[in-house]
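With my numbering applied, the sequence shown covers -9 to 283.
Remarks on the structure that follows.
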Amino acid sequence: MQSAIVEHIVNNQYSSFHAAHRQCADFASEHAWHCHQQLELTWIIRSQGVRYVGDHVDYYGPGDLVLCGANLPHCWRNQLGDNTHNPEWITIQFAQPMLQPMLATLPETEPLVRLLDNAQQGLVFPTALCQQLAPVLTATAQTSGLQRFIHLLQLLDTLAQNGGQQLASLGYFKANHLDGTHLQRLAIIHDYISSHLATSITQADIAQQLGMSASAFSKFFRAATGQTFMSLVKLLRINEASKLLLTTDQRITDIALNCGYQHTSHFDQHFKELKGCSPIEFRQGKHTAENLR
């Protein structure tokens, strides 16, 4: 995906953070692939489509509740052609430094510290929890003053008790917190894999591209991302397959071939390992409620 647009968030008047109840005809024009210094809690009231958070791709629908960490690229893409699903959502954006004095001095806030740390990779929460928090989410966007801030703390406290499910991979997070030289190498690796998804990809091939020995490359890659090279290949292949399943009507066997799988059984195994459901269940959206309960 293209480079994320850096968005500048303006707090609501007389407030230390931003909260809004919004509607639009199309997320593509209103909600580009972007990032910002603030954390963002997004509650989808009405809409369905594909959600992108870091290197994670998944289906979303009404009740989707996601917390994105600071500078984590994200966007939602709604299903077009159905006016009943024109996006309606509440977004709450807040900077961690605003909370830092409280987080640093009050032992009661330790669960919030863990929540915000985990949110660096993005977190999605169960639909049942979203239903429980709906009145507080709505009130946060509608009220003002101290009551509004109390609502924010109430939201964060409830989310911290639940924990959520992380979205972006640890490798993606680490790759976005490296120095320039490492970032350049990882960009070459990512581009090479993305452009060769349908073909055989070996560690020796990419090591040669970087002018490194296979052993030196293996050590570099594991230190930089916390995973093996083939783990990243599998992740990118399955993420590409996820996107094709949700945005095209290609046959699953064709998608498997286009993503480098010669045998459908091997594709099914990797897909279920990473997504928790079969490709056909993923396409039908059945995984969403089941995986988050």
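All C-beta atoms, glycine included, are put in the ideal place defined by N, C-alpha and C.
Inset, instruction - Could you tell me which residues DSSP puts in a beta bridge with R227? - result: Bridge partners of R227: none, in fact.
Inset, instruction - Would you kindly work out how many angstroms separate the C-alpha atoms of S208 and T32, rounded to a whole number? - result: 38 Å
Inset, instruction - Have a look at the DSSP bridge pairing and note the partners of I(-5). - result: H24
Inset, instruction - For Q274, verify whether its CB is less than 7 Å away from any heavy atom of the ligand SAM. - result: Inclusion of the ligand SAM in the displayed structure is not the case, the ligand content being empty and no account of it being possible.
Legend entry - At least 3 beta-carbon pairs within less than 8 Å: the region 17 to 28 vs the region 141 to 161: no
Legend entry - Burial state of E100 (16 or more Cβ within 10 Å): exposed
Inset, instruction - Mind the definition here: the region 125 to 138 touches the region 86 to 94 only if three or more C-beta pairs lie below 8 Å; say whether that holds. - result: no
Legend entry - Length of the line joining the Cα atoms of G112 and H180: 20 Å
Inset, instruction - Mind checking which residues open and close the alpha helix (DSSP H) that includes R273? - result: 269 to 274
Inset, instruction - Assuming A204 contacts A194 (C-beta within less than 8 Å), just tell me the rounded distance between them. - result: 5 Å
Inset, instruction - Give the single residue among L187, Q174, S184 whose Cα lies nearest to the Cα of L200. - result: Q174
Inset, instruction - Give a yes or no on whether the C-beta atoms belonging to A124 and L57 are separated by under 8 Å. - result: no
Legend entry - Own chain, CB closer than 6 Å to G53, minus 5 neighbours either side, in chain order: T117, C120
Legend entry - Sequence ranges, beta strand (DSSP E) only - wholly within the region 32 to 97, length at least 3: 39 to 43, 46 to 50, 55 to 58, 64 to 68, 78 to 84
Inset, instruction - Given a cut-off of 8 Å, decide if F7 and L55 are closer than it, judged by their beta-carbon atoms. - result: no
Legend entry - R283, DSSP secondary structure in three states: Per-residue confidence for R283 stands at a pLDDT of 30, beneath the threshold of 50, marking its modelled position as unreliable; the derived number appears in the next sentence. The answer is coil: DSSP assigns R283 none of H, G, I, E or B.
Inset, instruction - With a threshold of 16 other CB atoms inside 10 Å of the CB of R41, please say whether the residue is buried or exposed. - result: buried
Inset, instruction - With a cut-off of 8 Å on the beta carbons, I'd call L187 and C249 a contact; round off their distance for me. - result: 5 Å
Inset, instruction - Note the first and the last residue of the continuous beta strand (DSSP E) segment covering Q13. - result: 8 to 13
Inset, instruction - Take the Cβ of V(-4) as the centre, count every other Cβ of all protein chains shown within 10 Å, and call the residue buried at 16 or more, exposed below. - result: exposed
Inset, instruction - Would you mind stating whether Q155 and V126 have Cβ atoms separated by less than 8 Å? - result: no
Legend entry - Rounded separation between S190 and H11 - CA only: 47 Å
Legend entry - Assigned exposure category for S185 - 16 Cβ within 10 Å defines buried: exposed
Legend entry - Outcome for H(-2) when other beta-carbon atoms lying within 10 angstroms are tallied against a minimum of 16: exposed
Inset, instruction - Report all residues from its chain with a CB closer than 6 Å to the CB of N76; omit the five preceding and five following residues, and keep chain order. - result: A15
Inset, instruction - Have a look at L160, I82, H260, L247 and flag the residue whose alpha-carbon is nearest the alpha-carbon of H26. - result: I82
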